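In my numbering, the protein residues as written are 512 to 728.
Positions of the beta carbon are idealized from the N, C-alpha and C atoms, including for glycine.
Note that this is a predicted model, so its numbers are computed, not measured.
To start, the structure under review is shown below, and the notes come after it.
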Amino acid sequence: MKREKKLFIGCFNKSVILTYIGVIFALAGIFILIDLQEAEQMNLVMFCLIISGLCDLFDGFIARKCNRNETQKAFGVQIDTLCDIISFVIFPSILLYKMAFQHHSQMVFTVSIVMIILYVLCGITRLAWFNILANAESKTTYYQGVPVTYISFVVPVFYVGIQRIPFLMRNINDIFVILYGVMGFLFVANLKIKKPTGKWYVFFSVAAIVTVVLLFI
Numbered sequence: 512m513k514r515e516k517k518l519f520i521g522c523f524n525k526s527v528i529l530t531y532i533g534v535i536f537a538l539a540g541i542f543i544l545i546d547l548q549e550a551e552q553m554n555l556v557m558f559c560l561i562i563s564g565l566c567d568l569f570d571g572f573i574a575r576k577c578n579r580n581e582t583q584k585a586f587g588v589q590i591d592t593l594c595d596i597i598s599f600v601i602f603p604s605i606l607l608y609k610m611a612f613q614h615h616s617q618m619v620f621t622v623s624i625v626m627i628i629l630y631v632l633c634g635i636t637r638l639a640w641f642n643i644l645a646n647a648e649s650k651t652t653y654y655q656g657v658p659v660t661y662i663s664f665v666v667p668v669f670y671v672g673i674q675r676i677p678f679l680m681r682n683i684n685d686i687f688v689i690l691y692g693v694m695g696f697l698f699v700a701n702l703k704i705k706k707p708t709g710k711w712y713v714f715f716s717v718a719a720i721v722t723v724v725l726l727f728i
């Protein structure tokens, strides 16, 4: 049977819609960071990070509900990883760089750059390992190492909390350097992390909504 010639390469169906939406929000957040003028704009950056995280959280759930062939499944794994690099490795790295760039201490800036490099290395290592184990992990109830997506919830939650305590806000760059170090370590640590199920989808959704509300009140 002759295969129908397509106009574009790739697999375009509802199983990857959220993946694309997530990376669009990540890019929007990056653009805001590049031209960051006011502190209030950081709230929009955190909002974009949260939406990217929610899209990644639910895109796999939706994909599993779709009737996909092997090519579509393989494409889904690859496009998800590539988008994750932008959304949860590059985007957060630029966020920390922007914070460090505004810091007056050369030492803090240097330490921040080193941490960004380590964070990126840990993030891409985690994603590469995930791709290798994609088929095996799809049959288990746990992840090996913390998914990079979790940075999209951890960073905004910390930011909301720090915002409300002046002393911590003055040292936010130092706190985030430590936070990124911990998250980078957890990305590559050989830990079994339970995959989110129904109740956890609800928990993350509610937590995201509460965080967004706190960002803008």
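If only uninterrupted beta strand (DSSP E) runs of at least 3 residues are considered, those enclosed by the stretch 625-711 are 653-655, 703-705.
Within the same chain, Cβ atoms closer than 8 Å to the Cβ of PHE586 are found at GLY521, CYS522, VAL527, the five residues on either side in sequence being excluded. The C-beta distance from ILE573 to LEU529 rounds to 6 Å, short enough to meet the 8 Å contact threshold. When secondary structure is reduced to three states using DSSP, ASN554 falls in the helix class. With 16 or more other Cβ atoms inside 10 Å of its own Cβ, CYS566 counts as buried. Rounded to the nearest angstrom, the gap between the Cα atoms of ARG675 and LEU725 is 10 Å.
Here GLU549 carries a coil assignment [DSSP, helix/strand/coil]. In the three-state reduction of the DSSP assignment, GLN613 falls in the coil class. Across the set PHE715, MET610, ILE532, LYS706, the C-alpha of MET610 shows the shortest separation from the C-alpha of GLU549. Note on geometry: alpha-carbon atoms of PRO677 and THR708 lie some 37 Å from one another.
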